[in-house]
Each structure stands twice: as C-alpha cells, then as structure tokens.
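See below for the structure under consideration.
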Amino acid sequence: MKSFYFPMMLTVASNVIYHIAQKSIPSHLNPIIPTIIAYAVALTTSLCLYPFFSDTHLTQAGWRDVNWATLAVGIAIVGIEIGFLLAYRAGWNISLGAVTSNVTVTLLLLPIGILFFNEHLSWEKITGIVLCMGGLWLIFKPS
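For the sequence shown, our numbering assigns the number 209 to the initial residue and increments by one for each residue that follows.
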C-alpha cells in the first residue's frame with residue numbers, strides 16, 4: 209500500500225510547494241526567466257535522481273524509447289508554468305486558481321479517458337463529476 213499512496217502524497221506535497229512558490233515569484237520578472245531557472249533546477253534534480261530509478265547507466269537504448277509524448281509533456285509543462293504564473297499575476301487567488309484549473313482539466317480529460325484509454329465511469333464517479341461542476345458554478349456565480 210505504501211507504494212500506492214506515496215506517489216500521490218509526493219504529487220500533492222509538490223503541488224502545494226509549486227503553487228506557493230509560483231505565487232511568490234516577483235511580478236516584475238519576465239515570466240520566461242523564472243521558468244528557465246526552474247527548469248535548470250528540475251534538470252539538475254532529475255539527473256541526481258536518475259540512478260535511484262534505474263538499474264542501468266544512461267544508455268542509448270533508454271533514450272531511443274522516448275517518443276512524441278515526452279516532447280509533448282515538455283511543451284505542456286512550460287504552458288502550465290507560464291499559465292499559472294500569469295494567472296497569479298492577473299489576480300487569481302492561490303486557492304481558486306489551482307482548483308479551477310484542476311477541476312476543469314479533470315472534466316476535459318473524462319471523455320478522453322473513456323474514448324481513448326478504455327476507462328469506465330461508475331455512478332459514484334458521475335456523482336463526483338456533478339459535484340465538481342457544481343463547485344465550479346459556486347466559485348464563479350455572481351455574488
């Protein structure tokens with residue numbers, strides 16, 4: 209069970225740090241500069257962690273298995289980084305920006321998961337989706 213829950217705990221903890229840090233980046237900086245620095249740190253961290261996730265050294269075989277999806281992840285991550293940075297600079301609250309983004313992404317990924325990845329929806333999950341949509345409505349309804 210530990211290996212099942214640890215990745216999600218790491219994701220949640222990292223997301224909390226991420227949003228606090230994004231919101232704390234000085235607003236006068238060109239948004240590309242902190243993005244470049246963040247990715248330099250990410251590259252260094254990834255290189256340091258590589259030996260812990262592999263039983264072999266860097267090999268050509270490992271690099272040959274990289275496909276379009278890895279490149280798409282890289283492009284998407286830059287969009288996420290700059291998008292959140294600009295959203296916070298535009299005045300989004302740290303609490304609502306992340307919720308709005310994550311719920312909207314989830315709602316968009318649902319049909320993709322069903323159509324392309326053979327995922328199934330139960331009535332409980334459908335109820336959760338409706339609650340998420342209701343939550344977005346409550347967030348954005350005029351006061």
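Just so it is clear, CB atoms sit at the ideal spot from N, CA and C, and this is done for glycine as well. In this text, all values refer to a predicted model and were calculated from it rather than measured experimentally.
Note to self: Measuring straight from C-alpha to C-alpha, what distance separates I240 and S330?
What the structure shows: The straight-line gap from Cα to Cα measures roughly 42 Å.
Check: Quick one: is F325 buried, meaning 16 or more other Cβ sit within 10 Å of its Cβ, or exposed?
Finding: Classification for F325: exposed.
Item checked: Contact between the stretch 216-230 and the stretch 287-297 (3+ Cβ pairs under 8 Å) -> In short, these stretches touch, since the Cβ pair count reaches three.
Margin query: Going by DSSP in three states, A250 sits in which element: helix, strand or coil?
Written below: In the structure shown, A250 sits in a helix (DSSP, three-state: H, G or I).
Notebook entry, point to check: Roughly how many whole angstroms lie between the Cα atoms of I302 and N223?
Noted result: Rounded to the nearest whole angstrom, the CA to CA distance from I302 to N223 is 11 Å.
Note to self: Any beta carbon of chain C sitting closer than 8 Å to that of W331?
What the structure shows: No chain C appears in the structure shown, which is made up of a single protein chain.
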